[in-house]
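To start, the structure itself, in structure tokens.
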Amino acid sequence: MNAPHAVLKAGAAPAFDVERIRADFPILGLRLDGKPLVYLDNAASAQMPQPVIDRLVRYRSSQHANIHRAVHTLSETATHEYEEARRKLARFINAREDHEVIFTSGTTDAINLVAYSYGRQSIGKGDEIIVTTLEHHSNIVPWQMVAEEKGARIRVVPVNDAGELLLDEYEKLFTPRTRLVAVGHVSNALGTVNPVKLMIASAHLRGVPVLVDGAQAAPHLTVDVRDLDCDFYAFSGHKMCGPTGIGVLYGKTALLEKMPPFKGGGDMILSVSFEKTIYAGLPNKFEAGTPPIAGAIGLGAAADYLSAIGLDAIGAWEHQLLDYATARVRELPGVRIIGTAARKAAVLSFVIDGVHPHDVGTLLNQQGIAVRTGHHCAQPVMERFGVPATTRASFAFYNTLAEVDALIAGIREVQKVFL
Amino acid sequence: MADAKALYQEVILDHNRKPRNYGALERPSHRADGYNPLCGDRIHLTLQVSGGNIGAIAFEGESCAICKASASMMTAAVKGRTRDDAEMLFREFREMATGQLDPGAPGHHLGRLTVFAGVRDLPTRVKCAILPWHTLHAALNAEATATTEADADPMHAPLGNA
């Protein structure tokens, strides 16, 4: 009785057609020195599918003009497409209002916007900002800069040996001087998915707002800013199959309205005179100057592309890849996985006994396998785990089980060289 | 793409496995730390220089195979040589690693150090090979350790008598 039921269930959920998806990515057909490219550096930057490339070509070849300026047709078209992209991104993260999506040049720019605008306004001498050990440098340094300028203090949530945040310690870090929590949704170095919803609820009980660095989450899991109830959410276009030079800062309307502009210039004003300048409303207040219009439109297309496949289906396939890769790496003697959290995105950081990650990276590259080696802009993580660097394989939904096998064969080859 | 395996040849792997002159001199006349923030390579170099001659040299640190082997072979190459020889080798090695010196052409003094010529095709690894040499150059030219007598080294002077 059970067997047919299982077959039926398997039949009801069609398998993830990775080969059909791969056909959308021209770069995946590349051969390097005769070897097929095995691209496992997706946490650094994801590849772009043909529909996004096509969208950029269409914009550049038939829709480009400056936005919000002229009355001519092209400018109206470009403005419409740019604002349409904002609507798409707002839907992508389930923002309440389109104007809560501020286009930035990327996650780093988005976090700096909050640090400079919100931070400088709301953080003073003796105040405290909570960050975590797992943060990327881009969610550490902007806060250090504000703290240094204002005489504030950074407090850090520690992690356990698996790379999971210690929530009891997090709770203890709050004081009446806590002004902000800045936490990554997914760790770029280890892949840990942090319990941000819980952490946000906890911060809000004390009236503390939370910024979430979503650079590593947006391409891999469904982001719902209203469900999370985060105050700010930052992510990058190029990590989710969109162009570089574009990213998003989501912020709650009430907060964004109270914040002063970050950059001054054109497009962010209502009127300018030498006596008084009146700033524009949201989102223009934070988008001084001509924005990366093509980038925004391309990112809108990327959001459409990912949504059409479905973030849940993407996440499920990536978990298969991660589980398989984790099991295979564990079979290898002398290889240790760094970051073994119960909840992980498709990131596999590891070290090989007696071989420095940079040598691993060079020798894997020799076999057509692209991985990232180094400290991954997360030096506090490396220090916590007592390694100077790791080798990081990070998967996307277009990677295959055969590519995991290629990685394993590559690691064996590296070990042979260093035998 | 360069043939990385050509770079990871036996002599380099051997120096990586069994680095020569590994450790730290107890009373160095010169010292310097080299650090490559890009990849985390760290080299601590200590030297004993007297009368313009490098009498002893040692290194230790955490680094990739290319950097460690380069440091090991560098110490072997400059030990017993003059400062001027060491500076000349530093210049020649840097030129070779950046593709400005043809290791096959006559007129240089690199000898076995030419096994590192392959890094010029791997731009991200050039720094790994050169780091020990930059550290040596810094050690030989640092103002604070310019004196050649270990006794003048404040690190080793008795407390209160520095």
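The listed protein sequences correspond, in order, to chains X and S. Heads up: the first sequence is residues 255 to 673, going by the numbering used here. Heads up: the second sequence is residues 115 to 276, going by the numbering used here. We put the beta carbon where it would ideally sit given N, CA and C, even for glycine. Bear in mind the structure is a predicted one, so any value in this text is a computation, not a measurement.
- Against chain S, the CB of Val410(X) has no partner CB under 8 Å away; the residue lies outside that interface.
- Put simply, the backbone Cα of Phe279(X) is about 54 Å away from that of Leu161(S).
- 8 Å or more divides the Cβ of Val447(X) from the Cβ of Cys484(X).
- Pairwise C-beta distances place the stretch 484-504 of chain X in contact with the stretch 290-303 of chain X, as three or more of them are shorter than 8 Å.
- Within chain X, no C-beta atom comes less than 9 Å from the C-beta of Ala252(S); the nearest is roughly 21 Å away.
- Around the Cβ of Ile532(X), a 10 Å sphere holds fewer than 16 other Cβ atoms; the residue is exposed.
- In the structure shown, the three-state DSSP call for Phe204(S) is helix.
- Judged by DSSP secondary structure, Leu509(X) falls within the alpha helix (DSSP H) whose first and last residues are Thr507 to Lys512.
- Bridge pairing for Gln398(X): absent [DSSP].
- The alpha helix (DSSP H) runs of length 4 or more contained entirely in the stretch 538-596 of chain X are, from start to end of the chain, 547-563 and 565-585.
- In this structure, Ala600(X) sits away from Phe639(X), with a CB-CB distance that is not shorter than 8 Å.
- Pro396(X) counts as buried, since at least 16 other C-beta atoms from the protein chains shown sit within 10 angstroms of its C-beta.
- Rounded to whole angstroms, the separation of the alpha carbons of Gly169(S) and Arg141(S) is 12 Å.
- Per the coordinates, the alpha-carbon of Thr616(X) lies some 22 Å from the alpha-carbon of His248(S).
- In the DSSP annotation of this structure, the continuous segment of the beta strand (DSSP E) that includes Glu176(S) starts and ends at Asn167 to Glu176.
- Just measuring C-alpha positions, the residue of Asn167(S), Tyr149(S) and Ser143(S) sitting nearest Asp199(S) is Asn167(S).
- Counting only Cβ-Cβ distances below 9 Å, Glu176(S) has contacts in chain X at His610 and Pro642, in chain order.
- Contact of Gly628(X) with chain S by beta-carbon distance below 9 Å involves Leu152, Cys153 and Gly154.
- With contacts defined by Cβ atoms closer than 8 Å, Tyr487(X) and Ile347(X) form a contacting pair.
- Take Gly445(X), set aside five residues on each side of it, and the residues of its chain with a beta-carbon closer than 6 Å to its own are Gly593, Lys598, Ala599 and Val601, in chain order.
- One alpha carbon belongs to Ser371(X), the other to Ile500(X), and they sit about 19 Å apart.
- Annotation for Lys506(X): Asp485 place their beta carbon closer than 6 Å to its own, counting only its chain and skipping 5 residues before and after.
- Chain-order list of chain X residues neighbouring Leu236(S): Thr616, by C-beta distance under 8 Å.
- Burial state of Lys342(X) is buried, judged by a 10 Å Cβ sphere holding 16 or more other Cβ atoms.
- For the C-beta of Asp295(X), not a single chain S residue is nearer than 8 Å; the gap to the nearest is close to 13 Å.
- It is roughly 32 Å from the alpha-carbon of Cys181(S) to the alpha-carbon of Leu576(X).
- Taking a 10 Å sphere around the C-beta of Gln620(X), we find 16 or more other C-beta atoms and assign the residue as buried.
- For Asp613(X), the chain S residues whose Cβ falls inside 8 Å of its Cβ are Tyr122, Cys178, Ala179 and Ile180, in order along the chain.
- Residue-level contact by beta carbon fails for Val625(X) and chain S, as no gap is shorter than 8 Å.
- Distance from the Cα of Ser186(S) is smallest, within the candidate group Leu159(S), Arg195(S) and Met202(S), for Leu159(S).
- For Phe604(X), there are no C-beta contacts with chain S under 8 Å, since the nearest C-beta of that chain is about 16 Å from it.
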